[in-house]
Each structure stands twice: as C-alpha cells, then as structure tokens.
Amino acid sequence: MKKFAILLLIYFLACHVSLEKAHAEEYKHDAKNREQVVNHFVFAILNEEVRNAADDYYKKETVIQFDWQAKDYNVVEIKQRKKGNEMGHSFLISLTVLPYDYNESTQLGVDTITFGISPQSLQTQKNNKSLASTEVELLDYKHREAVYEES
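FYI, the numbering for the sequence shown is -24 to -1, 1 to 127, going by mature numbering (1 follows the signal peptide of the UniProt record, and there is no 0).
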C-alpha cells in the first residue's frame, strides 16, 4: 500500500507540474500520448485492485486487458472533487477493462470499475521522506456483456 501511495502522490504531482526540457528530444509526447502515458500509469498502480475486483465479481481468477481504440468509452476517467461537490473521496477513477477467464481465455465482459481515492495525510519517515497514506475504495462495478465482432 505504501508503494501505491508513493506512486499516486507522484501521479498527482506530475499532473500539476509541467516537465519542460528534461529529455525533450528523447521523449517528445503530444497531448494524446501524454494522456495515454498517464492512463498506463493509473493501470500500473491500480492493477492489483482492478484484478481483485474482477476476481470477486466473477468468482474466478481473471486476466485484465483494455482496448485503447474503443470508440464508445474512455479507458480511464479521473474526476477530482470540486468545492461544494461531496463525492466522499478526493478523486474518482473509473477504468473500463476487458476481463478474461484465466483458465479458458474467454472474454467475460466489458466492465467499468470505479474507485474512490483519498490521500489521508503526509507522514515523515525516519529517512525524512514524506509519504502520503492513501485510501482506495471500490465504489462501483458495472458489467456489460462482451460484444464479439463477426469475421
């Protein structure tokens, strides 16, 4: 959980900090590519929570994939609490994933999983590094049947 908290803190800081010339030639990203990098980062830090939510929903071991080219949904959506809006968490992150049965390799659905993320506090560790304690709560699991395209 501490590793998740550190990664989440870095993500939130990265959203508010503009990286200028550092490695500019090597890592030039347009707005679409930067968004995809952030989306991959969100999946990386929430991977275990997403897989656990799918396993609990289907009552079996799953493999999670995603479809970046999907036209009818965003793979990752992040909402931040605005003043006067009581969401119960500082951030809501919804991920639309394609769960597959681990043993049969069959697609189980197109599911949207929403987590509430709440940074709790900053704590100074003995090496003087500050870490955010973060609460992650599964708020909603919406299942849609998988749609198969005919060849």
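Quick reminder that beta carbons are idealized off the backbone N, C-alpha and C, glycines included. None of the values given here were measured: they were computed from a predicted structure.
Query - Endpoints, beta strand (DSSP E) assigned at serine 66 - result: For serine 66, there is no enclosing beta strand (DSSP E), as DSSP gives it neither H nor E.
Report task. Taking glutamate 11 as the reference, give the member of Lys118, Asp116, Lys58, Ile54 with the closest Cα. Result -> Comparing alpha carbon positions, the residue from Lys118, Asp116, Lys58, Ile54 closest to glutamate 11 is Ile54.
Query raised in the report: threonine 110: buried (16+ other C-beta within 10 angstroms of its C-beta) or exposed?
Result: Its Cβ being crowded by 16 or more others within 10 Å, threonine 110 is buried.
**Report entry** CA-to-CA distance, tryptophan 44 to aspartate 87, given in whole angstroms
**Finding:** Aspartate 87 and tryptophan 44 have their C-alpha atoms spaced approximately 14 Å apart.
Query raised in the report: To the nearest angstrom, how far is it from the Cα of leucine 115 to the Cα of glutamate 37?
Result: Approximately 21 Å, taken between the alpha carbons.
Query - Backbone CA spacing between tyrosine 34 and asparagine 23 [nearest angstrom] - result: Those two C-alpha atoms are separated by around 17 Å.
Query - Euclidean distance between Cα positions of tyrosine 117 and threonine 90 - result: So the alpha carbons of these two residues sit roughly 7 Å apart.
Query - From Val52, Thr72, Gln56, residue whose alpha carbon lies closest to that of serine 66 - result: Among Val52, Thr72, Gln56, the Cα nearest to that of serine 66 belongs to Gln56.
Query raised in the report: Under the three-state reduction of DSSP, which class applies to phenylalanine 91: helix, strand or coil?
Result: The answer is strand: DSSP assigns phenylalanine 91 an E or B state.
Query raised in the report: If you draw a straight line from the alpha carbon of aspartate 32 to that of glutamine 83, how long is it in whole angstroms?
Result: Taking the straight line joining both Cα atoms gives about 16 Å.
Report task. Could you round the C-beta distance between valine 18 and valine 52 to whole angstroms and report it? I think they count as a contact, below 8 Å. Result -> Between the beta-carbon of valine 18 and that of valine 52 there is about 5 Å, and that keeps the pair under the 8 Å contact cut.
Report task. Could you check the C-alpha separation between glycine 64 and alanine 29 for me, to the nearest Å? Result -> Approximately 20 Å, taken between the alpha carbons.
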